[in-house]
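Take a look at the structure below.
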Amino acid sequence: WNRDREKWLKLRALLMGGGHGSKIIVTTRKIGVGPIMGTIQTYVLSPLPPEESRSLFLKHACVERVEGESSNLMEFGYQVVEKCGGIPIQVRMSGNLMYSAKETEDWTSMRDNGIWSSEHLPALKLSYEKLPSHLKPCFTFCSIFPKNSEIRSDDLVQLWIMHDLIKPISNQGDKEMEDIGEEYIKELYERSFFQDFEKREHGACFRIR
1 WNRDREKWLK
11 LRALLMGGGH
21 GSKIIVTTRK
31 IGVGPIMGTI
41 QTYVLSPLPP
51 EESRSLFLKH
61 ACVERVEGES
71 SNLMEFGYQV
81 VEKCGGIPIQ
91 VRMSGNLMYS
101 AKETEDWTSM
111 RDNGIWSSEH
121 LPALKLSYEK
131 LPSHLKPCFT
141 FCSIFPKNSE
151 IRSDDLVQLW
161 IMHDLIKPIS
171 NQGDKEMEDI
181 GEEYIKELYE
191 RSFFQDFEKR
201 EHGACFRIR
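Below, the structure is given as structure tokens:
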């Protein structure tokens, strides 16, 4: 996203040592970055067609649930899809939001939210706003990690506990803090805040995007 030419030139200098024929793909949401990098050709991705957007949305919103509800609910979902502008990450996040919505009023609130007028991936902002209060500080804490860093779930839970971010569940007083933390991670993963989730011998790992 950075449009500071001096920074890009420094980065490019580090990348010039690749083998003959090597290719580097730079992705960005800012059209002006291409010329700064001196690319031969800028390829502009087209938005997803409406049908593909709807299909992706239904996949993440749980198609069986949506189709089992009233036609009005389906229509609400498609109206939200239109607001996503064919941007895959927004469609996916919107589907996850719809999946976690409990009442028809939740769907209506999401559709009519003024945040859609924002230019900065409104679905991501809306996803954060809709997080339960106990998950927001835990997710915000993850900003201390570099982008694309790999984290073990049990290590992250211990950090949350150390910073007093995990609270006992009132009706489950005997539940260990570590178990509650694992539930937090599962909730964040199901809402697509964590990616590349992988089960391993000594616990799960995932990446911060």
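Heads up: the sequence shown at position 1 corresponds to 1 in UniProt numbering, and the numbers run straight through without jumps.
Backbone N, C-alpha and C fix where the C-beta goes; we use that ideal spot for every residue, glycine too.
How is Glu-150 classed by DSSP in three states: helix, strand or coil? As a working note, residue 150 is residue 150 in the sequence shown. Shown here, Glu-150 sits in a strand according to DSSP, grouped into three states.
Checklist entry - If you draw a straight line from the alpha carbon of Leu-188 to that of Tyr-78, how long is it in whole angstroms? => result Working through the sequence shown from its first residue, we reach residue 188 at position 188. Working through the sequence shown from its first residue, we reach residue 78 at position 78. Taking the straight line joining both Cα atoms gives about 24 Å.
query: How is Asp-174 classed by DSSP in three states: helix, strand or coil?
result: Numbered from 1 along the sequence shown, position 174 holds the residue referred to as residue 174. Note: Asp-174 maps to coil in three-state DSSP.
Between Ile-166 and Lys-175, is the Cβ-Cβ spacing less than 7 Å?
Here residue 166 corresponds to residue number 166 of the sequence shown, with the count starting at 1. Here residue 175 corresponds to residue number 175 of the sequence shown, with the count starting at 1. No, the pair does not count as a contact, with Cβ atoms beyond the cut-off.
Problem - Beta-carbon proximity of Met-93 to Ser-192, cut-off 7 Å - result: As a first step, residue 93 is located in the sequence shown; it is residue number 93 there, counting from the start. As a first step, residue 192 is located in the sequence shown; it is residue number 192 there, counting from the start. Their beta carbons are under 7 Å apart, which means Met-93 touches Ser-192 by this criterion.
Practice prompt. My understanding is that Gly-85 touches Pro-47, with C-beta atoms under 8 Å, so please give their C-beta distance in whole angstroms.
Written response: Taking the sequence shown and counting its residues from 1, the one referred to as residue 85 is at position 85. Taking the sequence shown and counting its residues from 1, the one referred to as residue 47 is at position 47. Going by Cβ atoms, the distance from Gly-85 to Pro-47 rounds to 6 Å, so yes, they are a contact pair.
- Where does Asn-148 land, buried or exposed, given buried means 16+ other C-beta within 10 angstroms? Position 148 of the sequence shown holds residue 148. With fewer than 16 other Cβ atoms within 10 Å, it is exposed.
Buried or exposed: Gln-90, going by 16 or more other Cβ atoms within 10 Å of its Cβ? In the sequence shown, the residue the question calls residue 90 occupies position 90. By the 10 Å Cβ count, Gln-90 comes out buried.
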